[in-house]
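Numbering (this note's numbering), first residue to last: 3 to 148.
In structure tokens, the structure reads:
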């Protein structure tokens, strides 16, 4: 119960941050990516703030003996660059550039409705399902570490 409540609270804070920062507005994101046209550099501050919070948060959390709401940390064990990672990053970037959404802002924007957002979410979910079906089990993204 406590894990679910913590997850809900974290999701609400994340979604609120996306709305306040403008990341849930695809036009703002596309203007940020359009460096030769109607470039809007304001999202640099959003990304910079996220980097600072992540840097500090990881230092604090990984300095703990264990997580508060689980028995152990679940961290990725692979650090190599392989073709599935590069291809996935390229597809992510292409989708972000075309649609103006990445997964978090797309889910946040779905609460506002609109068929373009729902179409993007449908494609994103179909892609996730396809990866689950096609990806060999040996390439699972995370394993449990102590």
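Heads up, the beta-carbon is just placed ideally off N, CA and C, and yes, glycines get one too.
If you draw a straight line from the Cα of residue 137 to the Cα of residue 127, it is about 15 angstroms long.
Under the criterion of beta carbons closer than 8 angstroms, residue 17 and residue 110 qualify as touching, at roughly 5 angstroms. A distance below 7 angstroms between beta-carbons, with the five flanking residues on each side excluded, links residue 51 to no residue of its chain. Considered as a whole, the stretch 52-129 harbours 85-101, 105-112 as its complete alpha helix (DSSP H) runs of no fewer than 4 residues, in chain order. Judged by DSSP secondary structure, residue 28 falls within the alpha helix (DSSP H) whose first and last residues are 28-35. Comparing alpha carbon positions, the residue from 132, 104, 131 closest to residue 20 is 104. Taking C-beta atoms under 8 angstroms as the contact rule, residue 124 and residue 28 fail to qualify, at a distance of about 16 angstroms. Counted as a single uninterrupted DSSP element, the alpha helix (DSSP H) harbouring residue 23 occupies residues 4-23.
Taking a C-beta distance under 8 angstroms as the contact criterion, residue 99 and residue 35 qualify as a contact pair.
In this structure, 108 is the residue among 108, 3, 133 with its C-alpha nearest to the C-alpha of residue 122. Its Cα nearest to that of residue 89, the residue 133 stands out among 113, 133, 48.
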